[in-house]
Each structure stands twice: as structure tokens, then as C-alpha cells.
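Residue numbers (the working numbering), protein chains in the order written: chain B, 3 to 236; chain P, 1021 to 1321.
Yeah, the Cβ is synthetic: ideal placement off N, Cα and C, and Gly gets one too.
Only a predicted model underlies this, so the values are computations on that prediction, with no experimental measurement involved.
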Amino acid sequence: MALITFEDVGLSYGGDNVAHDVRFSVNAGEFWGIVGENGSGKSTLMKALLGLIPCASGRIVMGEGLKPNEIGYLPQQSMIQRDFPASVEEVVLSGTIGYRGLKPFYGRRERALAAKNMEMLGLLPLRKHSYQELSGGQQQRVLLARALCATKKCLVLDEPTTGLDPVVTAEFYRLLHTINESGMTIIMVSHDVEEAVRSCSMILHLSCHPLFIGTAQAYKNSPVGRKYLKETTV
Amino acid sequence: MSAIAAIFQNMPEIMLRAIVVGTLVSLCASLLGVTLVLKRYSMIGDGLSHVGFGALAIATVLHVGSASTAVSLPIVTASAFILMWLTEKRRMQGDAAIALLSTGAIAVGTLLFRFSDNQYQDICNSLFGTASMALLTDSDMWITVGVSAVVLVLFVLFYTRIFSVTFDRTFAKATGVRVGAYSMMLAALTAVTVVIGMKMVGAIMVSGLIIFPALSAMRVTKRFRSVMIVSAVLSLVCFFSGFFLSLLIEAQPGPAIIAVHVVSFLVCALTGFLRTRIRARKNRGIVVEPPCRAGESGPER
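In C-alpha cells form, the structure reads like this:
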């Protein structure tokens, strides 16, 4: 059974229909890119997947023991207050909150998990630093570490490289590859279609309904993919 | 100093009550304040204090005497829920809703005080805090002890979740935290803190108890837990110095405590400013607040 199956999902936002007939499955270990123009419903689809909003029709089925609150979410950085006082460690640890049950404090297991993810993303030297004093790329890695603390199976990224310069962006995608190769399923919403095609194994092109669902290779050669790639690069 | 010693000697119970109430209220207000300020809910605390004034007016007219807290607690808590609901659901502009409720409560409250036997004294006490905190009764003290115990215990138990909800509401919601429930809990805790704080510094200034320590702490430290700790410590220091200052100069304690908070804020702001400048000078050539850049060497210390 697939990790996540979208069964005829229709979505509405503020009373308007923003997407319909979304039908596809995400298998474990895949790296999906959800692309489309602004207002194509890709952000709404992501919100529904995270359980932040309900589906207007159809349903999203999780398999392989994945629970809706066990998806690691990397929000757009603009969602975070710039001046919030928090150390790197505090932010990363807060990712473990979902499966801690009713325990009031972080235990040894949570601290070990946070330390492991901070180490993997090279954040250990910064653990006591304040989040607000880090560079954009470092902040993004902190939020990625927090997302990794929240999940064992699936990451959902919302426009992860917005506002990052090309060098940091390339570094970030390298990190994502490493994480993906370790077996983590990744679903990334992005307006950067070129990068999505380069990094992802699978593409969903959404424009209120799916225009393309398939491998990134096939997308590059498809009419819709060629057209969109050309439009965005010019 | 001998004046203070004399008061201690002559009225040990009054002093004890004032100190117990002051310490507990300062602690509750300073901890809640950090979250409220960061969630941009400072004005909810301010609005609630005005509602508190109206509630005190009702209590005075009803002649419930020292049980006024029992009247104002439910009224202020209910208003807190309504304000939080309006703000969260965006049914109405949150700040406009607060202004409506504040001014409405002040107007109705002032009219109601017309029916009290001691109109101006009562209005003054409600607005600016009881003179010398000597009017605090035993029941006031025990209510404060009970209420603040609940506030502090809940705060400590839910500390990590409060952090999560405050830092990133959407992420918290995606990981299964019931963010709506936590907002409502914060609203309720703020309401009860406002009610017990009003006894001490009066309706007009009680939001100062909530907002000042948090803001001051954020000038000097940039980590959540240290902001909490510094906020609590500052709040206690300001309470004690303000309280004893008021005894020395024979003034009302409320304004004295808040005035000390103002001074403490200025000191913290200056410290923070100087520290940033010194660090920037040390790191000349390294951008202190880089938007994004290659290299990723991190801010050097």
C-alpha cells in the first residue's frame, strides 16, 4: 500500500473551489515536487495533507502506519517571526512535541533525537545560538531539523528555498538528497520548477486540477512540462 | 529605612499579605507576558484590565465587599474568551474589538460607581490600586495564592507546548497540538492574572505588569527560556523595589512599581543596544544580521 493516497480530493479555501479531482499516490522513499502557478491550489493541497484544513470532497488516506500528525513540516520562513527569542536547540526540540504524549518536559529520547538531527545538519556548534541571529540558510536548516524531529517517514516542504541565494539553495538541495536517500519520503511544494525537475523523482503539476502526474523525466518531455519550463526560464 | 521597619513592626500582617500577593502576581504576570507579547496579544491584557474596572464597579454596587474577586473573575474570564475568539477567528478586527470592550467597560463602570457610597475613592482605588496595599484582605490573599498556584502549575506543565504554539502555530497544529485550546487557556490565565493584579496596581496599570518584564527581558537575552527567567526575576526585583519605594516616599505602590519597571526597561534597552553595537564592532566585516549568504560561518562571538 502507498504511503499517502489522494482519493479524488477536492479542496476549497474561503468558500472557493481551488482544486478538484486530485488523484495520486505517494510511495515510500519518493521525492515529489508539487509545482504550479500562484493560486493553483498547491499550498491548499499541502494544508489538507497536514490536516490543517479538511478536504471538501474525497479523502487523503495514509498507509504504512503513517499518522497525520507524524509528517514533518517545513513552513515558509515568512511564517516565523523574525524577532522571536529562541535558541536553535529550543526550536529543534519543539519538533518532538507530536509523539511525546502528555509528558510535560523533553526527555532523554527527545534530546537524543534533536541532537542527532542537529548533528546531521551541522547545527551542533550553533545549538545555543539565538535563531533570530542566524543567516537565512542556517535558519532554514534549523527548521528542517525541527521537521525531521517530527517525523520518521515523511517531510512536507513549503517553498523551502524562497529568499535563499543560489549557493545556499544548492547546498540545501544536496541536504534534501541525502535525507531522501536515507529512505525519507519528501513532498515539496515549489514555484521553482527547474529545481524541482532537477531534484525530485516525481512531479505533480497542479492548476486547479492535476495537469501532469508522473516521473520528473517524463515531465521534462511532456508538452505541459516543456511549456511550463520554457515559460519560467524566459 | 526606619519608616519601613516601623511599618513592618506595627503591621506585620498587612506587610505579609502585600508581599505574598505582590510576589505571586509579579511571577504570573511576567511569565504570561512573554507569550502574550510574542503572540502580539499585549492589547488583550490591556483590554481585560478595563473590563476588570467595570467588573469592580459591579462588585461595588452589589456591596459584596471583599468578595469582589469572585464577581470580577467570571466576568473578566468570559471577556477574555470572547476577545480571543474574535481575534483568532478574525470575525472582527481584534484591536477594534478590544477598544470597544475597553471603553464600553470603563463607561458602564464609571456610571455604576455613581451608586457607590464613596464614589471617587472607589473609582480611584479601582483605577490606580488600593492605597499602600493595606486594604488587601485575608481572602484577597488566599484567592491570589490559589489562583496563582493554578496559573504557575499550568504554565510549567504546558511550557514546551506553549513554546511550540507561540513560536509557530501552524507547525504545532500540524504535529497534533490543539492550538485553539492553548489560546483559550492563555486567555483564561491572563484574565485571572489581570484580576488578581488589579488589586495591587489598579486597572490602568496592570497590563504594565504583564508587558514590561517581557519586553525588558527580550532586550537583553535572545533565548526563550532565559527570557522567561529574566522576565520573572526582573518582575520580582521591580515589585520589591517599587513597593519599598512607595513606603519610603509614602506614595501608592501601584504607580511606584510600574515606574520602577519603566526604569528597568530603559536600562535593559540601553544594555541591549550597547551589546549589539559592541558585537557589531567586534565582527566588523561579518554581517551581524545577514539575510542569507554563502559560507555559513555563523555569527562569531
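Proximity winner among B:ASP167, B:ARG129 and B:ALA149, relative to P:PHE1191 (alpha-carbon distances):
Put simply, of B:ASP167, B:ARG129 and B:ALA149 the residue whose alpha carbon is nearest the alpha carbon of P:PHE1191 is B:ALA149.
Between P:VAL1091 and the rest of its own chain, which residues show a CB-CB distance below 7 Å, the 5 nearest in sequence each way excluded?
ALA1075, ILE1078, ALA1079, LEU1082 and VAL1084
Could you name each continuous beta strand (DSSP E) segment of 3 residues or more that falls completely within the segment 118-177 of chain B, going from the start of the chain to the end?
156-160
Hey, how far is the Cα of B:THR7 from the Cα of B:GLU92?
34 Å
Could you tell me the boundaries of the alpha helix (DSSP H) in which B:GLU92 lies?
90-95
Are three or more beta carbon pairs between the segment 1057-1070 of chain P and the segment 1118-1138 of chain P nearer than 8 Å?
Contact between the segment 1057-1070 of chain P and the segment 1118-1138 of chain P is present, because at least three Cβ pairs lie under 8 Å.
Would you mind telling me which residues of chain P sit closer than 7 Å to B:VAL191, beta carbon to beta carbon, in chain order?
Listed along the chain, the chain P residues whose CB falls inside 7 Å of the CB of B:VAL191 amount to none; the nearest CB is some 14 Å away.
Cβ of B:GLU121 within 8 Å of any chain P Cβ:
no
Of the choices P:GLY1166, P:SER1050 and P:ALA1087, whose alpha-carbon is the least far from that of P:SER1251?
Ranking P:GLY1166, P:SER1050 and P:ALA1087 by CA distance to the CA of P:SER1251 puts P:SER1050 first.
Anything in the segment 89-106 of chain B with a Cβ closer than 7 Å to a Cβ of chain P? List those residues in chain order, please.
SER89, GLU92, VAL93, SER96, ILE99, GLY100 and PRO106
Which runs of the alpha helix (DSSP H) fall wholly inside the segment 1214-1296 of chain P and span at least 4 residues, in chain order?
1226-1240 and 1244-1268
Out of P:PHE1244, P:SER1136, P:GLU1270 and P:LEU1229, point me to the one whose CA is closest to P:THR1043's CA.
P:LEU1229
Counterpart residues of B:PHE26 in DSSP-defined beta bridges:
B:PHE8
Quick one: list the residues of chain B neighbouring P:GLY1274, beta-carbon separation under 7 Å, in chain order.
Those do not exist, as P:GLY1274 stays about 28 Å from chain B at its closest Cβ, beyond 7 Å.
Under 8 Å, Cβ to Cβ, is there at least one residue of chain B near P:LYS1193?
yes
Nearest-angstrom Cα separation, counted from B:THR163 out to P:GLY1166
50 Å
Beta-carbon proximity list for P:THR1186, same chain, < 7 Å, skipping 5 on both sides
Cβ contact annotation for P:THR1186 (same chain, cutoff 7 Å, sequence separation greater than five): THR1055, LEU1058 and LYS1059, in chain order.
Do three or more CB pairs link the segment 37-51 of chain B to the segment 1173-1187 of chain P at distances below 8 Å?
The segment 37-51 of chain B makes no contact with the segment 1173-1187 of chain P; the number of CB pairs closer than 8 Å stays below 3.
Assuming P:ILE1278 and P:PHE1263 form a contact by the criterion Cβ under 8 Å, report the distance between their Cβ atoms to the nearest whole angstrom.
Not confirmed; about 12 Å, so no contact.
Please look up how many angstroms separate the CB atoms of P:LEU1156 and P:VAL1041, rounded, as I've assumed it's under 8 Å.
Under the criterion of beta carbons closer than 8 Å, P:LEU1156 and P:VAL1041 qualify as touching, at roughly 6 Å.
Close beta carbons around P:VAL1045, own chain, < 6 Å, minus the five adjacent residues each side:
ILE1216, GLY1217 and MET1220
From the DSSP secondary-structure annotation, give me the bridge partner or partners of B:GLY216.
B:ILE205
Taking the beta carbon of P:VAL1283 as the centre, do at least 16 other beta carbons fall within 10 Å, making it buried, or is it exposed?
exposed
Taking 8 Å as the cut-off, decide whether the C-beta atoms of B:HIS207 and B:GLY38 are in contact.
A contact, by the Cβ cut-off of 8 Å.
P:LEU1052 and P:LEU1209 look like a contact to me (Cβ under 8 Å); what is the Cβ gap, rounded to whole Å?
6 Å
Below 8 Å between beta carbons: does that hold for P:LEU1103 and P:ILE1118?
yes
Quick one: which unbroken beta strand (DSSP E) runs of 3-plus residues sit fully inside the segment 37-115 of chain B? Chain order, please.
Fully enclosed beta strand (DSSP E) runs of 3 or longer: 59-64 and 73-76.
Proximity to P:THR1097 [Cα-Cα], best of P:LEU1290, P:ILE1163 and P:THR1213
Among P:LEU1290, P:ILE1163 and P:THR1213, the Cα nearest to that of P:THR1097 is on P:THR1213.
For B:TRP34, list the residues DSSP reports as bridge partners.
B:ILE189 and B:MET204
With 8 Å as the threshold, decide whether the Cβ of B:ILE73 is near any Cβ in chain P.
yes
Kindly say whether B:GLY53, judged by its beta-carbon, lies nearer than 8 Å to any beta-carbon of chain P.
yes
Inter-residue spacing [alpha-carbon to alpha-carbon] between B:ALA117 and P:VAL1071:
47 Å
Give the C-beta separation of B:LEU5 and B:CYS156 to the nearest angstrom, bearing in mind that I take them to be a contact with Cβ-Cβ under 8 Å.
6 Å
Less than 8 Å between the CB atoms is what I'm expecting for B:SER89 and B:ARG129, so what's the real figure, rounded?
7 Å
Evaluate P:ASN1331 with the Cβ neighbour count: other Cβ atoms within 10 Å of its Cβ, from every protein chain shown; 16 or more gives buried, anything less gives exposed.
Because chain P is modelled from 1021 through 1321, residue 1331 of chain P falls outside the range shown and cannot be assessed.
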